Amino acid sequence: MRDAGAQTLDAMIDDFVSLGERGVGQTGSRDQMEALLGEPPPEMGIPFERLLGIVRETIVPHCFRTTHPRFLAFIPGAPTFPSILADCLASNANIFAGVWKEASGAAQVELVVLDWFRQILGYPPETRGILTGGGSEANLTALVVAREKIPFDERGKIVLYASEHRHWSIDRAAKIVGLRPDQIRPLACDADFRVRIDTLHEAVASDRQAGRLPWLVLANAGTTNTGSVDPLPAIADFCKREKLWLHVDAAYGWPMSLTTSGRQLLSGIERADSITVDPHKWFAQPFEAGCLLVRRGELLTQAFMMRPEYMQDVVPNHDEINFCDHGIALTRRFRALKIWFSVKLLGIGWFRRLIEHSIALAEYTQGLLEQTGRFEITSPRKLSIVCFRYLPRERKGEGEKERRREKEDLQPAIAEELTRTGRAFLSTTRLNGQSTLRLCFVSWRTTAADVDDVVRLLCEIGARLD
Ligand SMILES: Cc1ncc(COP(=O)(O)O)c(C=O)c1O
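The sequence shown runs 2 to 467 under this note's numbering.
Laid out in structure tokens, this is it:
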């Protein structure tokens, strides 16, 4: 065990330390991967060293590394080493974080971590929550809680309102809780990709008139596309007036609350009925770590608590929490440990500096892109995301339509070509119906030199493909 453990730890440290010097990763086709790894269950085992070799040389290299300093696609994740170690400790102890009596230490640590998040967001003391596998599970959990008080025979009439830029986990959660597609009302956004409050007013009024039951407003505190924050105070006022549940999806943007300017930007979030926050995005935790906070905490147990006879020995005392009563899973890993451990070791100031660092990098990127004169900014920096398009050269005799098509095709082609170099990984999205490049910064590893490199590559590849 000591020998195998030492080899594993060495491999982990090598990987962690040298990651930035290597490529971002590569992908294999299904056929290639099948040829490398497919096999029936082996009757006999193989030596540990060989197995570790397969992990290091075959499996990991065929994955893009979200932890890499130049992985700037989607919303990446870049954990710190203390949180990785703590996750290993949690696996080793295999603590069952579902019920208090079986793991009061783990439950208390989860309570502490949830209370830290509550304080960061300025939420009231009666808040309760749960750590989940991610933002998708947190959003689903929120919808289940919010729906609990709606009588069964009215559930076919309820309507959910959300920005056209919502994360699709909301649509999937709505589907799981039994909503039809016509029970989701997508709302148009302004030029900054923030939901337009007038469209919310109109949609709710027209649904009431049609005899439907306006139910829940989903507001974004950091959209996945652009990092936009919906007008939370105005939405909170409206929800209060109309008695609608306000759920804020802050999966990405929530750690902004650690900074003074971020706290202002997210002001109004503290009035939400529930909030999704994802520590495995911009809070440097290994996957999986999501979280849901619910203002009237008792609603969580009302939605999820069951008391089967085989659990009669582990019914908690009134001031203790069985976290299986707060969500979907009974058997849960001890997710809180990695968060608690890394915050205790590094201090919350480290996380605040991470947020400031990411914002500064995104600002620097935008300035650099503008300086080159080769790009148009399609969404100026919001939180730590910048969106932009490479501008193809004007060609003689070229019509407006052809130029638009060229521009349209060029953006994903540039992203693909850049990814093929292994130097960086970025993704595209669509804004106002047009393809756009996008960079998202959440990593403590990424530096201004990485940005210089990426912008230079974008210029070179853009010119070549153009
Ligand atoms: C705003 C937002 N909400 C929810 C999610 C889903 O979170 P997860 O991938 O942790 O399930 C994401 C993921 O990127 C997101 O950006």
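No residue lacks a Cβ here, since even glycine has one placed at the ideal position from N, Cα and C.
Bear in mind that the values here come from a model prediction, so they are computed numbers and not experimental data.
Distance between residue j and residue i (C-alpha atoms, nearest Å)
i       : j       : result
Gln-372 : Asp-467 : 19 Å
Phe-288 : Ile-96  : 18 Å
Gln-303 : Leu-180 : 21 Å
Leu-355 : Ala-192 : 28 Å
Arg-173 : Leu-419 : 31 Å
Ala-252 : Ala-416 : 25 Å
Leu-37  : Gly-54  : 13 Å
Ile-47  : Thr-9   : 16 Å
Ile-216 : Ile-159 : Note that residue 216 is Trp in the sequence shown, not Ile. If you take the alpha carbons of Trp-216 and Ile-159, they lie about 6 Å apart.
Pro-413 : Pro-309 : 53 Å
Ser-258 : Arg-119 : 11 Å
Arg-382 : Gln-367 : 7 Å
Arg-424 : Gly-228 : 24 Å
Ile-185 : Val-452 : 39 Å
Arg-213 : Ile-349 : 45 Å
Leu-90  : Ile-14  : 16 Å
Asp-32  : Gln-109 : 47 Å
Leu-411 : Val-145 : 42 Å
Pro-280 : Glu-403 : 44 Å
Lys-176 : Leu-161 : 11 Å
Glu-401 : Arg-394 : 13 Å
Gly-223 : Cys-460 : 28 Å
Glu-321 : Thr-422 : 53 Å
Leu-427 : Arg-264 : 28 Å
Leu-528 : Ile-360 : Shown here, the chain extends from 2 to 467; a query on residue 528 therefore has no answer.
CB contact flag (residue i, residue j, <8 Å)
i       : j       : result
Val-387 : Leu-432 : no
Gly-29  : His-63  : yes
Gly-298 : Glu-127 : yes
Leu-392 : Glu-377 : yes
Ala-163 : Pro-182 : no
Val-230 : Leu-266 : yes
Leu-219 : Asp-238 : no
Ala-189 : Arg-195 : no
Gly-130 : Cys-292 : yes
Ala-143 : Ser-275 : yes
Ser-262 : Leu-233 : no
Arg-71  : Val-455 : yes
Glu-149 : Leu-300 : yes
Residue i classed as buried or exposed, judged by whether at least 16 other C-beta atoms fall within 10 angstroms
i       : result
Met-306 : exposed
Thr-59  : exposed
Leu-245 : buried
Thr-225 : buried
His-202 : exposed
Phe-284 : buried
Phe-335 : buried
Pro-41  : exposed
Glu-22  : exposed
Leu-370 : buried
Leu-115 : buried
Phe-352 : buried
Leu-52  : exposed
Arg-167 : buried
His-248 : buried
Ala-211 : exposed
Pro-43  : exposed
Chain-order list of residues whose beta-carbon lies under 7 Å from that of residue i (same chain, five-residue window excluded)
i       : result
Thr-379 : Cys-388, Phe-389, Arg-390, Leu-432, Thr-437
Glu-473 : Since the first and last residues shown for the chain are 2 and 467, residue 473 lies out of range.
Glu-111 : Ala-98, Leu-132, Phe-324, Ala-337
Arg-57  : Ala-12
Lys-282 : Ile-76, Gly-78, Ala-252, Tyr-253, Val-443
Ala-5   : Phe-49
Ser-170 : Gly-136, Ser-137, Asn-140
Same chain, Cβ closer than 8 Å to residue i, neighbours up to 5 away in sequence not counted
i       : result
Leu-315 : First, the amino acid is wrong: residue 315 is Val here, not Leu. Cβ within range, chain order: Val-100, Trp-101, Lys-102, Glu-103, Asn-323.
Glu-357 : Thr-260
Val-113 : Ala-337, Trp-341
Ile-151 : Ile-159, Leu-214, Trp-216
Thr-429 : Gln-412, Pro-413, Ala-416, Ser-436, Thr-437, Leu-438, Arg-439
Ile-236 : Val-196, Ile-198, Leu-201, Val-218, Ala-220, Leu-247, Gly-269
Residue-chain proximity (residue i, chain C), Cβ-Cβ < 8 Å
i       : result
Arg-465 : Included in the structure is just one protein chain, with no chain C present.
Proximal residues to residue i (C-beta, below 6 Å), its chain only, five neighbours per side dropped
i       : result
Leu-331 : Gly-99, Cys-325
Gly-26  : Cys-64, Phe-65, Arg-66
Ser-343 : Thr-81, Pro-83, Ser-84
Ala-87  : Leu-338, Lys-339, Phe-342
What ranges does the beta strand (DSSP E) occupy inside the segment 425–462, keeping only unbroken runs of at least 3 residues that lie completely in it?
Entirely contained in the segment 425–462, the beta strand (DSSP E) runs reaching 3 residues are, in chain order, 428–432, 435–441.
What alpha helix (DSSP H) runs, 4 residues minimum, are completely inside the segment 362–422?
Within the segment 362–422, complete alpha helix (DSSP H) segments of at least 4 residues are found at 401–422, given in chain order.
Collect the residues with a C-beta less than 7 Å away from any heavy atom of ligand 3 and give them in sequence order along the chain.
Ligands displayed in this structure: ligand 1; ligand 3 is not among them.
Which runs of the beta strand (DSSP E) spanning at least 3 residues fall entirely within the segment 191–247, listed in chain order?
DSSP runs (the beta strand (DSSP E)) wholly in the segment 191–247: 214–221.
In chain order, each alpha helix (DSSP H) run of at least 4 residues that lies wholly inside the segment 109–162:
The segment 109–162 contains these whole alpha helix (DSSP H) runs: 136–148.
At what residue ranges does the segment 252–319 contain a whole run of the beta strand (DSSP E), taking only runs of 3 or more?
For the segment 252–319, whole beta strand (DSSP E) runs of length 3 or above, ordered along the chain, are 275–278, 291–295.
In the segment 7–85, which residue ranges form an unbroken alpha helix (DSSP H) of at least 4 residues, counting only runs that do not cross its ends?
When DSSP assignments are scanned along the segment 7–85, the uninterrupted stretches of alpha helix (DSSP H) that are 4 or more residues long and fall wholly within it turn out to be 31–38, 49–55.
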